[in-house]
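Colleague:
Protein chains in written order, with this note's numbering: chain A, 1 to 115; chain B, 1001 to 1855.
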């Protein structure tokens, strides 16, 4: 596969993949913590599941912001394709950011993680 | 800038600009068109079943899918008749269970997924400006496996052996204890050929969309339907493997008593639900996104203005494709998942509504600013918009956990899913039938009948399904074959039944319209809607006379002379340059011409291979093992026979396609379309393996205490180290073979490298297997043993496959069909081989390292 396709595909979907990684991590962490009995542990008074969720959220949001900034910079060689790619990336990034925020909310709002 | 402004700017620029000459001059050489027609001519009479051209296979495919729609619809009418009045004895409970199971299964597996692939097979080549998809025989094979196997599967109803566990086949209801007869086996193995067919179709579509677009058609100019099918292809690649694995595991449990889903032996029936819905929820979007893509094509043509927000629709398609993979457990709120998990899936369910809403508002905006032609497709579009919005809103209600707990397994859910599936997919499909029908025979279907059909279908649909919201709220559970009078459900059920017959009458009108007015013609020149996209160019069996140079997203509106230019042969490749069927392979992002692909022609081999595949799965279910093996051998023989004639090398000097471009007729390595197909196949394979490892980890999390559980032991680390070393040695051997082929070394040296590599792979597998066997691990005692042996069996399957591929590659080498510059076969074998090594190492890490880390 040519580099340009892999690069283009990753650039177009990178923010969504960041959300996917965030989502899978939080889901798996919570499931394992609940099933194996670690969920009640705390770090500095904060439950490890909400804490892990917030760390993952910040990481995913950081990646998405970086991709959004990259999408709004530079002058692409192929004007038509470049404009399409940069605007699509911005739209994808915005949608991914909403999903990342929504994914973070349960960790902040849900009481009794494993109930 | 809006699309309309862009179009106006493009037209103005076109008027002011002195154009470069078209790729090929006039007059065209004498006999060029006749030769092209001869090469692509569709066989006549009974030989038409050997045709592989996308137009013929596409029509077969669409027709068969519609047949399954009718058959499953008849089953729905039987169910509604049974439920029309309380305490009815029209159908017994056993027949009712079989009928609702087959209704769901046939609708989802034999109608909904195949029909969207079918429409894509028919439309995409012309929409993209290709003469055909890159693997025509693969399309034909996918179709025949589906058609033959699907019809045989449906016939189980007539012999009383149809499955009766629901279309989701939840264990323990479907395990050997509670479903000892063969019904569940028919489902589990019968679905096998459909999975193969869907994945074959997805590979074809993904590679076709990315590599066979017309020169100049960059991703920015690609039709939205192609974008939708690209996303759907990727979703099939990642969405189908969990159900492939799930069906395998459940069938192994039923046949060999490996307890993956049996709680008292360490298994968990909820694991099945995860595997099923990891496929099942993306499946909803696999069905909906193509329909959304069709709508995005039809709306601008009907409104006579460019689509509003093209880029946002593409972004929305990508977002839905990814987000929908994270919704699977919202079907499982009632299983007792942790609160946080249910809330996560609820949040993801909310997130996916936003990109779906973007598409809806784009369509509404397009209709708003255009002058809508109120023809039959528009009627169906409006029915779609209203119905789908209602279905989407009840979906949001069901995504709210407490509401779902109340409505779970009631008729409210039945109402919701039909609003989404019929509203979101069937109405757009009928809009598409009326919109694209002129491409088949040159004339549209009857406007009058189309509008009657839409009115009947829409009315019948809402009369049937709207009351079900209320019946569900009143507590009527799904899947009951009858109910007592006086529960408040009687009148609502009767209304639903009457509505179902009105809906069926609407479908009948469409079928009569098709029978009366649809005629297949050879050459078609019928842009009856003044549509802007390439599929409306004059076309014949060969697609277009010449392959257009594309410089706009709505090429027929931006360049009104395009149809005449293409049809007179002034664009690319106006004849057959090599004397065979060809299309142009272009780069995936920018659509730059790279090489001319010589396509395979008509053949009986795909139908033989398809029949063999279907026979294998169906005869296996009937426990006719010898005949099943024969079916598999027939399928493999036919596939190898057709592969043997491919990978022909550079049989022809570079050919002039026009515009001064001389393209090679062969490519290998990452530029080759075949390499891309192999990569997509490995993504499927890797996802099956990931699903298997997910199952292994899942069983670990639900097993209390240590892992492995008490009474089980891990093999010594030395056996894992030995196996890993042998896998790496195998990898080195195949890399050595690659080096030898590049240096044009002797066939003997190549054979030695391949054989050493295979020997190392077999030895690695034996060491792994032996290590576990020596600990006394028994796959029937506990789910741990079952999971470990399942990983080893999956790896063993790969060793068998690379052994066959290695032998095939060497056979080609010794027949003089493999060389440094004719090496696609070797490259494909090497890719899968190296993947197998990676998978082997991953399995060792999971089985040996995790338990030691987790204690």
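Even glycine gets a Cβ: it sits at the ideal position worked out from N, Cα and C.
Given this structure, state the Cα-to-Cα distance separating residue 1693/B from residue 1785/B, to the nearest angstrom.
Modeller: Within the second chain, the letter at position 693 stands for residue 1693/B. Within the second chain, the letter at position 785 stands for residue 1785/B. Residue 1693/B and residue 1785/B: Cα-Cα distance of roughly 14 angstroms.
Colleague: List the endpoints of the continuous beta strand (DSSP E) containing residue 1082/B.
Modeller: Taking the second chain and counting its residues from 1, one reaches residue 1082/B at position 82. Taken as a continuous stretch (DSSP letters only), residue 1082/B belongs to no beta strand (DSSP E), being part of the alpha helix (DSSP H) at 1054 to 1083.
Colleague: Could you pull out every residue in the same chain whose Cβ sits closer than 7 angstroms to the Cβ of residue 1411/B, ignoring the five residues on either side in sequence?
Modeller: To locate residue 1411/B, count along the second chain from 1; it is residue 411. These residues qualify, in order along the chain: 1468, 1471, 1472, 1476 and 1478.
Colleague: Residue 1366/B lies in the alpha helix (DSSP H); which residues open and close that run?
Modeller: For the purposes of this step, residue 1366/B is taken as residue 366 along the second chain, with counting starting at 1. Element bounds for residue 1366/B: 1339 to 1369.
Colleague: Tell me whether the region 1090 to 1108 of chain B and the region 1159 to 1174 of chain B touch, counting them as touching only if at least three CB pairs, one residue from each stretch, are closer than 8 angstroms.
Modeller: Yes, the region 1090 to 1108 of chain B touches the region 1159 to 1174 of chain B.
Colleague: Quick check on DSSP: helix, strand or coil for residue 1176/B?
Modeller: Translated into positions along the second chain, residue 1176/B becomes position 176. Coil, per DSSP.
Colleague: Taking its Cβ as the centre, do 16 or more other Cβ atoms sit within 10 Å of residue 1405/B, making it buried, or is it exposed?
Modeller: As a first step, residue 1405/B is located in the second chain; it is residue number 405 there, counting from the start. The residue in question, residue 1405/B, is exposed, as its Cβ has fewer than 16 Cβ neighbours within 10 Å.
Colleague: Closer than 9 angstroms, Cβ to Cβ, to anything on chain A: give me those residues from the region 1177 to 1209 of chain B, in chain order.
Modeller: For the region 1177 to 1209 of chain B, which is checked against every Cβ of chain A, not one residue is closer than 9 angstroms.
Colleague: Let's see if you can read the secondary structure: which residues bound the beta strand (DSSP E) around residue 1582/B?
Modeller: Walking along the second chain from the start, residue 1582/B turns up at place 582. Where residue 1582/B is concerned, the enclosing beta strand (DSSP E) stretches over 1582 to 1586.
Colleague: From the beta carbon of residue 27/A, is the nearest beta carbon of chain B less than 8 angstroms away?
Modeller: Counting from 1 along the first chain, the entry for residue 27/A is found at position 27. So yes, residue 27/A belongs to the interface.
Colleague: Answer with buried or exposed for residue 3/A, where buried requires no fewer than 16 other C-beta atoms within 10 angstroms of its C-beta.
Modeller: By 1-based counting over the first chain, the position of residue 3/A is 3. Interpretation of residue 3/A is limited by its pLDDT of 49, a score under 50 that renders its predicted location unreliable; the figure taken from the coordinates is listed afterwards. The residue is exposed, with fewer than 16 neighbouring Cβ atoms inside 10 Å.
Colleague: Whole angstroms is fine: what's the gap from residue 1564/B's alpha carbon to residue 1437/B's?
Modeller: Numbered from its first residue, the second chain carries residue 1564/B at position 564. Numbered from its first residue, the second chain carries residue 1437/B at position 437. Looking at the two C-alpha atoms, the distance is approximately 22 angstroms.
Colleague: Between residue 1701/B and residue 35/A, how many whole angstroms is the CB-CB distance? I'm expecting something under 8 angstroms.
Modeller: Here residue 1701/B is taken as the residue at index 701 of the second chain, counted from 1. Here residue 35/A is taken as the residue at index 35 of the first chain, counted from 1. Contact flag correct, Cβ pair sits at about 4 angstroms.
Colleague: Please list the terminal residues of the continuous alpha helix (DSSP H) segment that includes residue 1656/B.
Modeller: Taking the second chain and counting its residues from 1, one reaches residue 1656/B at position 656. Per DSSP, residue 1656/B belongs to no alpha helix (DSSP H); it is in the beta strand (DSSP E), 1655 to 1658.
Colleague: Can you tell me where the alpha helix (DSSP H) with residue 1269/B in it begins and where it stops?
Modeller: Counting from one through the second chain, the residue named residue 1269/B turns up at place 269. Residues 1269 to 1303.
Colleague: Can you tell me where the beta strand (DSSP E) with residue 1595/B in it begins and where it stops?
Modeller: On the second chain, residue 1595/B is found 595 positions in, with the first residue counted as 1. Counting along the chain, the beta strand (DSSP E) containing residue 1595/B begins and ends at 1593 to 1598.
Colleague: Does any CB atom of chain A fall closer than 8 angstroms to the CB of residue 1701/B?
Modeller: By one-based count along the second chain, residue 1701/B stands at place 701. So, interface residue.
Colleague: Measure the C-alpha to C-alpha separation of residue 1736/B and residue 1183/B and round it to an integer number of angstroms.
Modeller: The residue given as residue 1736/B occupies position 736 in the second chain. The residue given as residue 1183/B occupies position 183 in the second chain. If I take the Cα positions, the gap works out to 49 angstroms.
Colleague: With 16 as the cutoff for other CB atoms within 10 Å, does residue 108/A come out buried or exposed?
Modeller: The residue you call residue 108/A lines up with position 108 of the first chain. That one is exposed.
Colleague: Nearest-angstrom Cα distance between residue 1138/B and residue 1415/B?
Modeller: The residue given as residue 1138/B occupies position 138 in the second chain. The residue given as residue 1415/B occupies position 415 in the second chain. Near 37 angstroms, if we compare the C-alpha coordinates of residue 1415/B and residue 1138/B.
Colleague: Helix or strand or just coil, what does DSSP make of residue 1020/B?
Modeller: By 1-based counting over the second chain, the position of residue 1020/B is 20. Residue 1020/B falls in the coil class under three-state DSSP.
Colleague: Could you please give the first and the last residue of the uninterrupted beta strand (DSSP E) stretch that includes residue 1487/B?
Modeller: To locate residue 1487/B, count along the second chain from 1; it is residue 487. That residue, residue 1487/B, is in no beta strand (DSSP E); it is neither H nor E in DSSP.
Colleague: With a CB to CB cut of under 8 angstroms and the five nearest residues on each side skipped, what residues in its chain are close to residue 1538/B?
Modeller: For the purposes of this step, residue 1538/B is taken as residue 538 along the second chain, with counting starting at 1. For residue 1538/B, where only same-chain residues beyond five positions count, the Cβ hits under 8 angstroms are 1523, 1524, 1525, 1544, 1545, 1563, 1566 and 1567.
Colleague: Can you list, in chain order, the residues of its chain whose CB lies under 7 angstroms from that of residue 1497/B, leaving out five sequence neighbours each side?
Modeller: Against the second chain, residue 1497/B aligns to sequence position 497. Same-chain partners within the cutoff: 1080, 1081, 1083 and 1084.
Colleague: For the region 1276 to 1290 of chain B against the region 1172 to 1187 of chain B, do three or more pairs of beta-carbon atoms, one drawn from each stretch, fall closer than 8 angstroms, so that the two count as touching?
Modeller: Too few Cβ pairs lie closer than 8 angstroms, so no.
Colleague: How long is the line joining the alpha carbons of residue 1818/B and residue 1650/B, rounded to whole angstroms?
Modeller: On the second chain, residue 1818/B is found 818 positions in, with the first residue counted as 1. On the second chain, residue 1650/B is found 650 positions in, with the first residue counted as 1. Each residue's Cα considered, the two are about 12 angstroms apart.
Colleague: Leaving aside the five residues before and after residue 1664/B along the sequence, list all residues of the same chain whose C-beta is less than 7 angstroms from its C-beta, in chain order.
Modeller: As a position in the second chain, residue 1664/B is number 664, starting the count at 1. Contacts found: 1595, 1650 and 1654.
Colleague: So residue 1800/B contacts chain A; which residues on that side make the cut at Cβ distance below 9 angstroms?
Modeller: Numbered from its first residue, the second chain carries residue 1800/B at position 800. By Cβ distance, chain A contributes nothing, its closest Cβ being about 27 angstroms from residue 1800/B, past 9 angstroms.
Colleague: According to DSSP, is residue 1675/B helix, strand or coil?
Modeller: To locate residue 1675/B, count along the second chain from 1; it is residue 675. Three-state result, residue 1675/B: helix.
Colleague: For residue 1364/B, count neighbouring Cβ atoms within 10 angstroms of its own Cβ and tell me buried if that reaches 16, exposed if not.
Modeller: To locate residue 1364/B, count along the second chain from 1; it is residue 364. Flag for residue 1364/B reads exposed.
Colleague: Please report how far the alpha carbon of residue 10/A lies from the alpha carbon of residue 1668/B, in whole angstroms.
Modeller: Stepping through the first chain from its first residue, residue 10/A is reached at position 10. Stepping through the second chain from its first residue, residue 1668/B is reached at position 668. Near 24 angstroms, if we compare the C-alpha coordinates of residue 1668/B and residue 10/A.
Colleague: On the criterion of 16 or more Cβ atoms from any shown chain inside 10 Å, does residue 1005/B qualify as buried, or is it exposed?
Modeller: Position 5 of the second chain, counted from the first residue, corresponds to residue 1005/B. The residue is exposed, with fewer than 16 neighbouring Cβ atoms inside 10 Å.
Colleague: Just by C-beta distance, which residues in the region 1293 to 1316 of chain B are closer than 7 angstroms to chain A?
Modeller: Cβ contacts with chain A come from 1311, 1312, 1314 and 1315.
Colleague: Could you tell me whether any Cβ in chain B is nearer than 8 angstroms to the Cβ of residue 69/A?
Modeller: Counted from its first residue, the first chain places residue 69/A at position 69. Not one chain B Cβ lies under 8 angstroms of residue 69/A.
Colleague: By the criterion of Cβ-Cβ separation under 7 angstroms, what are the contact partners of residue 105/A in chain B?
Modeller: Taking the first chain and counting its residues from 1, the one referred to as residue 105/A is at position 105. The contacting residues are 1347.
Colleague: Name the residues in the region 35 to 67 of chain A whose C-beta lies less than 9 angstroms from a C-beta of chain B; which are they?
Modeller: If the cut-off is 9 angstroms between Cβ atoms, the region 35 to 67 of chain A has 35, 36, 39, 49, 50 and 53 near chain B.
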